[in-house]
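There are 2 protein chains.
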Amino acid sequence: MQSEAVASRSADQRDSPREPRNGTPHLDAVSLAIIQQLQEDGRRPYAAIGKAVGLSEAAVRQRVQKLLDQGVMQIVAVTDPLTVGFRRQAMVGVNVEGDLDPVAEALTGMSEVEYVVMTAGSFDILAEIVCEDDDHLLDVINKRIRALPGVRSTESFVYLKLKKQTYMWGTR
Amino acid sequence: MQSEAVASRSADQRDSPREPRNGTPHLDAVSLAIIQQLQEDGRRPYAAIGKAVGLSEAAVRQRVQKLLDQGVMQIVAVTDPLTVGFRRQAMVGVNVEGDLDPVAEALTGMSEVEYVVMTAGSFDILAEIVCEDDDHLLDVINKRIRALPGVRSTESFVYLKLKKQTYMWGTR
DNA sequence: GCTACCGCTGCGAAATCCGCAAACTTGGGC
DNA sequence: GCCCAAGTTTGCGGATTTCGCAGCGGTAGC
């Protein structure tokens with residue numbers, strides 16, 4: 001669970017007819033509004049959310065539970081890693097020879113890798129790395145990522161200062 | 001609040017002697033363990049957290065409240081934007097002429113910009129953009145970001161597939 | 001019309017959250 | 001060594017929230 005993308009949590013509902021395998025599980029305006037409420041405060045009581053979106057407490061509770069089960073959203077604590085003792089972060093752009101998937105999977109399996117996305121542009125994959133110090137960062141990039149079969153080249157961007165980090169899409 | 005980095009929320013405690021302006025507000029092992037619990041489930045009851053970390057319910061509650069007030073952590077719902085109707089995302093690398101700060105501030109102020117970080121490497125700033133469609137994305141990059149004074153050049157990486165997104169640092 | 005399914009509501013019981021006062025710990029100052 | 005002050009933790013009672021469940025209404029299929 002912890003090494004999986006947010007959009008694919010529960011395996012049991014995977015091939016249910018309601019989820020068309022590639023598309024959106026159809027979120028109506030009310031569910032969006034619920035998500036928006038929880039993006040402002042993940043611990044807001046169901047009754048308060050219900051009042052805001054025009055639904056009863058029990059209905060909100062059921063919809064939230066379904067959103068969590070479907071993996072559409074997670075309710076979690078987020079921190080600035082620099083504050084929590086991880087002193088080196090970097091974005092790594094990766095160029096791959098051949099199929100991207102094995103490389104992306106390998107990156108996904110590394111605990112220091114926080115974020116993996118396949119992209120169009122001069123990098124094939126972008127990966128965000130969170131490390132404790134320079135040695136650790138060097139080890140991950142130089143010894144583990146660049147050693148992966150299929151990796152043609154990498155380019156690193158060491159983080160100097162995090163300026164913004166929000167989870168507010170839908171709020172505009 | 002929504003356009004501010006996670007590490008600088010409450011203004012009232014800003015220049016308290018305990019926070020040395022640039023450093024970590026000293027998180028001990030117990031607070032780390034609490035954060036870790038809430039990274040697994042942001043709605044976990046205080047009593048359960050207390051049992052896990054060896055503290056009373058009330059003590060956990062106070063520490064969580066302090067962590068939130070200090071801006072060390074946030075408890076929020078996170079989603080895969082693609083699931084919630086934002087169909088185009090991109091990472092934009094920016095090169096700046098002169099001072100980075102004004103550009104970073106301008107980016108921070110844009111609601112479509114989700115994430116801003118200053119970096120060392122061939123980009124000065126990395127910014128993640130969340131948009132509804134291609135037109136919207138083009139507008140943000142071409143008309144708004146590239147028009148900022150000081151921006152020398154940009155390079156875009158359109159997201160094709162999000163493979164991993166976790167908030168589990170500390171869990172290893 | 002009937003049935004099965006799905007989501008919403010209302011409600012009572014159980015669990016959780018919250019505020020507060022007392023006890024405990026820590027770190028000086030003298 | 002003693003004592004004070006500040007910061008934490010604990011325990012507890014009351015308010016609030018969560019939880020499970022039965023009932024109701026709408027909809028699709030037959």
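So the sequences go chain by chain: A and B. Everything in the first sequence is counted per full-length UniProt numbering, starting at 1 for the first residue and increasing by one. Everything in the second sequence is counted per full-length UniProt numbering, starting at 1 for the first residue and increasing by one. Backbone N, C-alpha and C define an ideal beta-carbon position, used for all residues, glycine too.
List the residues of chain B whose Cβ lies closer than 7 angstroms to the Cβ of residue i, in chain order.
i, result
"residue 153 of chain A", "Within chain B, no residue comes near residue 153 of chain A; the closest Cβ sits about 13 angstroms away, beyond 7 angstroms."
Could you list which residues in chain B have their beta carbon closer than 8 angstroms to that of residue i, in chain order?
i, result
"residue 43 of chain A", "42, 43, 75"
"residue 35 of chain A", "77, 79, 84"
Between which two residues does the alpha helix (DSSP H) holding residue i run?
i, result
"residue 94 of chain B", "Segment 88 to 96 is the beta strand (DSSP E) holding residue 94 of chain B; no alpha helix (DSSP H) there."
"residue 166 of chain B", "Per DSSP, residue 166 of chain B belongs to no alpha helix (DSSP H) and is neither H nor E."
"residue 145 of chain B", "Where residue 145 of chain B is concerned, there is no enclosing alpha helix (DSSP H), given that its DSSP letter is neither H nor E."
"residue 134 of chain A", "134 to 138"
"residue 50 of chain B", "46 to 53"
"residue 30 of chain A", "29 to 40"
Can you tell me where the beta strand (DSSP E) with residue i in it begins and where it stops?
i, result
"residue 78 of chain B", "73 to 79"
"residue 66 of chain B", "Run containing residue 66 of chain B: none in the beta strand (DSSP E); it sits in the alpha helix (DSSP H), 57 to 70."
"residue 120 of chain A", "113 to 120"
"residue 100 of chain B", "It is not in any beta strand (DSSP E) - residue 100 of chain B carries neither H nor E in the DSSP assignment."
Give the residues of chain A in contact with residue i, contact being defined as C-beta atoms less than 7 angstroms apart.
i, result
"residue 116 of chain B", "163, 164"
"residue 53 of chain B", "Chain A residues near residue 53 of chain B: none, gap ~14 angstroms exceeds 7 angstroms."
"residue 39 of chain B", "76, 77"
Taking residue i as the reference, which of the options has the closest Cα?
i, options, result
"residue 125 of chain B", "B:146, B:109, B:95, B:132", "B:95"
"residue 184 of chain A", "A:115, A:133, A:131, A:123", "Outside the modelled stretch of chain A, which goes from 1 to 172, sits residue 184 of chain A, for which no answer is possible."
"residue 101 of chain B", "A:162, A:137, A:118, A:27", "A:162"
"residue 173 of chain A", "B:73, B:70, B:78", "The structure shown does not extend to residue 173 of chain A, since chain A spans only 1 to 172, so no value can be given for it."
"residue 87 of chain B", "B:136, B:105, B:74, B:41", "B:136"
"residue 47 of chain A", "A:56, A:40, A:39", "A:56"
"residue 128 of chain A", "A:140, A:113, A:32, A:119", "A:113"
"residue 119 of chain A", "B:84, B:92, B:116", "B:92"
"residue 110 of chain A", "A:82, A:50, A:143", "A:143"
"residue 103 of chain B", "A:32, A:33, A:164, A:26", "A:164"
"residue 32 of chain A", "A:43, A:155, A:58, A:64", "A:64"
"residue 166 of chain A", "B:150, B:75, B:145", "B:75"
"residue 60 of chain A", "A:139, A:138, A:132, A:35", "A:35"
"residue 53 of chain B", "B:69, B:160, B:38", "B:38"
"residue 121 of chain B", "A:51, A:50, A:158, A:168", "A:158"
"residue 98 of chain B", "B:148, B:138, B:81", "B:148"
"residue 141 of chain A", "A:27, A:51, A:90", "A:90"
"residue 108 of chain B", "B:150, B:168, B:145", "B:145"
"residue 49 of chain B", "B:117, B:67, B:30", "B:30"
"residue 150 of chain A", "A:133, A:117, A:106, A:28", "A:106"
Where DSSP assigns a beta bridge to residue i, which residues make up the other side?
i, result
"residue 159 of chain B", "A:119"
"residue 127 of chain B", "B:92, B:116"
"residue 151 of chain A", "A:96"
Mind pulling the chain B residues with CB within less than 9 angstroms of residue i?
i, result
"residue 122 of chain A", "155, 157"
"residue 113 of chain A", "164, 166"
"residue 32 of chain A", "84, 85"
What in chain A is Cβ-close to residue i, meaning under 9 angstroms?
i, result
"residue 104 of chain B", "161, 163, 164"
"residue 72 of chain B", "79, 80, 83, 84"
What does residue i touch in chain A if you count any residue whose Cβ is under 8 angstroms from its own?
i, result
"residue 27 of chain B", "83, 84, 85"
"residue 126 of chain B", "91, 157"
Can you find a heavy atom of the ligand ADP that lies under 7 angstroms from the Cβ of residue i?
i, result
"residue 70 of chain A", "In the structure on display, the ligand ADP does not appear, and there are no ligands present to speak of."
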